[in-house]
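To keep things clear, I will list the structure first and then write my remarks on it.
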Amino acid sequence: MAGYDHQSDRAENTEELKKKLNDIQTALDASTIVAITDARGVILEVNQKFCEISGYDDHELVGRTHRILNSGYHPKAFFKEMWDTILQGEIWSGEIRNKAKDGRIYWTSSTIIPIRDTHHRIERFIAIRHDISDRVSAELKLKQALEDDYRIVIQHLQNGVFKLKQQPEGSYVFTMSEGLIAEKLKRTTDAVYGKTIYEIFDKPIATRIDQAFRTALATGQTRFELDIQNRHYLVNIGIIREEAGDVELAGSIVDITEQTRQARQIHKMAYFDELTGLPNRRSFEKEVDRRKAAESDGDYEFAVLLVNLDRFQNINETLGHRVGDELLREIATRLEELLEEDDYLTRFTGDEFAIVMACQERSKRDREYLHYRCSVLVEYLSKAYIVRGMEIHTTASIGVGLYPLHAQGTDELIQSAEAAISSAKEQGGNTFVLFDASIRNMLDRRILIEGELRKEASRDQFYLVYQAKVNAKTRKLCGFETLLRWHHPIFGELSPAEFIPVAEKSGLIISLGQWVLKHSIEQVRKWHQAGHVLPVSINISVQQFTQSDFADFVSEQINASGVDPAMIELEVTESVTENPQLTRTTMKKLKEIGVMISMDDFGTGYSSLGFLGGYPFDRIKIDKSFIIHLSEENCSVVRTIIQLAKNLNMTVTAEGVETESHADFLTREQCDELQGFFFSKPLPARKTERIWLKRSKK
């Protein structure tokens, strides 16, 4: 965001990053082939195992579809069935014959998982594959083997194969069952020969298999999944019709326990909170949308309650994040204890929970009952907690928005509750507030700010400040970050946290960002002419960055100023990658100009270092929330980010350095640059020159 210095009140916490690092670990799993595509099947990201087995480099794969691996083996109907399945939002599993870059053929057991956005649209697919070339090769050799060698070969298969033959009365009995899986299940040929499935398996499993047999007989083949002895298997069955009229069923069984676990883990990561086990914000929004869609008449109403802990940050700072995490789990338990049948509880962000609460009709009695329940929540949450033998006291503020009275859109309903919770905080917390007209006045202020932003005269009220960055090893000045400030003649000094979001929502951030970019480059020119040749970083909003002519605007400003483009660094957040094709095109143009590009606020969103490798970033800026609260867990996170960034040939800047111990730790971990109040707060240009530039020139 243009000039936004990102105050330290972030809602994201360490646990969210740990989930993302777990995602990295999964993607880097040497035994698993992973690819992520967009909704059209265009590859967005692959892991190293994908590159190794296919023979293609990641840059050859990203932007292409899986047709690059098409071996020509499968008919069009095969892929049509696959696409029909995943476009319906269902998981598809199957085996695919692929062609590597060097012409080598390999087989994979594949699971494709659709991922939906908050609007229920499929936004991408995650494909998890395992190399089964050895197994397929063994099966092909099996067909060619002589009958007397047949049993010896299949007994050593990693998976399992089986055959059943139809009896005169119509039942099917096993004639063969071999492979390591058959051995593990103790159902080899010796144990099952001549027996039916009902003689071998428990009735529920046998019934499931019998249904699959009927499907195979009707369609020629079938595939289904089965749980046996705490393992998850994929079973393929086909029919063999002999000339004599005999019918056999032949099939294979593959252990997909690990793939299933990974698929469930991905779903859990997408829709559930790891710390508390509760549904997350994405699930909450789906539930709100579901209830709106289920509305049968105009009298139906439900409430959205946002429950935010008061001064929870103090607990983390004084007692540590581990205690804070345990307290959050205790709070989640208390909230669950107070739920009624039709309530839906989620963990929204770090210290905020959300409840969807049904109101059967719009009546005074219902409204009074809602007030009563909110009062009970506030009182129960304020009672003492015992965590690790310590008695901890905390309170909660609750904001309530009603559908459809206060808003009809999901985002607007959440905003109503957020506005109400802000009012509760202003009252000192430990209370609840129902959204009303007075709170709407606060929203009106945002509209007023937008009106002021639209005035041409407001540009004269803006000014830039500069925060120093120092080399971690030498502690010498190595550059500045430009930050935007607004001194309004009536409102006084307005916080960027108040006016930047308004500018973003209104689209005014584009012209405001251009103003910042132009004046920042002009200041760099003045300093360079005075002999102070130092790079300056400038925050760029996603709206500004994704303008088709953004790179041209940057080029014009640099050419007009005559400054070295390498002295200009553009800071963007990961949201720019929501349009990967446009982002890569823009970044390519910017790199041709010669400017530096950095990923700002790393660790607070959904980004992973694997994803960063697909973009030409020069630098990662670790978000200040990890540095300010440098707990043992955060230290581990920071180490991982620095190490993996180095592997991607990216430099690292740490924001939020406020103490010498912060600086010493980051220096030991080979962080490149440090930035924070320990060195300097943001200063106007003249004061920057007096304090920093004159000193650095001596």
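For the sequence shown, the UniProt record's numbering assigns the number 698 to the last residue and increments by one with no breaks.
In this text, a Cβ means the ideal position worked out from N, Cα and C, and glycines have one as well.
Asked	Found
Give the DSSP bridge partners of residue 481, in chain order.	467, 537
What do you reckon, are the CB atoms on residue 345 and residue 355 nearer than 9 Å?	yes
Is it right to say residue 653 is buried, meaning 16 or more other beta carbons lie within 10 angstroms of its own, or is it exposed?	buried
Starting from the N-terminal side, write out each stretch of the beta strand (DSSP E) that is 3 residues or longer and does not extend beyond the segment 240 to 270.	247 to 255
Run through DSSP, which three-state label would residue 185 get?	coil
Considering only the alpha carbon of each residue, which of 193, 46, 458 lies closest to residue 57?	46
Assign residue 634 to buried or exposed, taking buried as 16 or more other Cβ atoms, counted over all protein chains shown, within 10 Å of its Cβ.	buried
Alpha carbon to alpha carbon, what distance is there between residue 186 and residue 196?	15 Å
Within its chain, find whatever has a CB closer than 6 Å to the CB of residue 705; leave out the 5 residues flanking it on each side and keep chain order.	Nothing in the structure corresponds to residue 705, since the chain is present only between 1 and 698.
Measure the alpha-carbon distance for residue 476 versus residue 629 and round it to whole angstroms.	25 Å
Quick check: the Cα distance between residue 232 and residue 586, rounded to an integer number of angstroms?	46 Å
Quick one: using the 10 Å Cβ neighbour count with 16 as the cut-off for buried, is residue 336 buried or exposed?	exposed
Applying the 10 Å Cβ sphere with the 16-neighbour rule, what's the burial state of residue 606?	Bear in mind that the predicted position of residue 606 carries a pLDDT of just 43, short of 50, making it unreliable; the figure below should be weighed with that in mind. Exposed, since its Cβ has fewer than 16 Cβ neighbours within 10 Å.
According to DSSP, is residue 416 part of a helix, a strand, or is it coil?	helix
Enumerate in chain order the residues of its own chain whose CB-to-CB distance from residue 73 is below 6 Å, with the five nearest sequence positions on each side excluded.	97
Does the beta-carbon of residue 440 have 16 or more other beta-carbons within 10 angstroms, so that it is buried, or is it exposed?	exposed
Compute the distance between the beta-carbons of residue 132 and residue 114, then report whether it is under 9 Å.	no
Given a cut-off of 9 Å, decide if residue 163 and residue 177 are closer than it, judged by their beta-carbon atoms.	yes
Express the C-alpha separation of residue 238 and residue 214 in angstroms, rounding to a whole number.	11 Å
From residue 486 to residue 495, what distance separates their C-alpha atoms?	7 Å
Where do the N-terminal and C-terminal ends of the alpha helix (DSSP H) with residue 289 fall, by residue?	281 to 293
Could you pull out every residue in the same chain whose Cβ sits closer than 6 Å to the Cβ of residue 147, ignoring the five residues on either side in sequence?	Because residue 147 sits at a pLDDT of 48, beneath the cut-off of 50, its placement in the model cannot be relied upon, and the following sentence gives the value as read from the coordinates. If we look at residue 147 and ignore the five residues flanking it on each side, it has no Cβ neighbours.
Might you give, ordered along the chain, the residues of its own chain that have their beta carbon closer than 8 Å to the beta carbon of residue 203, omitting 5 neighbours on each side?	none
Short of 6 Å in beta carbon distance, which residues of its chain neighbour residue 555, apart from the five on each side in sequence? Order them along the chain.	593
Considering only the beta carbon of each residue, do residue 672 and residue 472 sit closer than 9 Å?	yes
Can you tell me whether residue 259 is buried or exposed? The criterion is at least 16 other CB atoms within 10 Å of its CB, across all chains shown.	buried
Using only the alpha-carbon positions, how far apart do residue 66 and residue 31 sit?	20 Å
Could you check the C-alpha separation between residue 77 and residue 84 for me, to the nearest Å?	10 Å
Return the CA-CA distance between residue 667 and residue 325, expressed in angstroms with no decimal places.	29 Å
Under three-state DSSP, which class holds residue 21?	Interpretation of residue 21 is limited by its pLDDT of 49, a score under 50 that renders its predicted location unreliable; no figure is taken from the coordinates.
Output yes or no for whether 9 Å exceeds the beta carbon distance between residue 467 and residue 484.	no
Taking contact to mean at least 3 C-beta pairs separated by less than 8 Å, is the segment 379 to 398 in contact with the segment 416 to 435?	yes
Let's see if you can read the secondary structure: which residues bound the alpha helix (DSSP H) around residue 501?	496 to 506
Using a Cβ-Cβ cutoff of less than 6 Å, which residues in the same chain neighbour residue 331 once the five nearest sequence positions on both sides are dropped?	none
Can you look up residue 129 in the DSSP assignment and give me helix, strand or coil?	strand
Starting from residue 402, follow the alpha helix (DSSP H) in both directions and report where the run begins and ends.	It is not in any alpha helix (DSSP H) - residue 402 instead sits in the beta strand (DSSP E) that spans 396 to 403.
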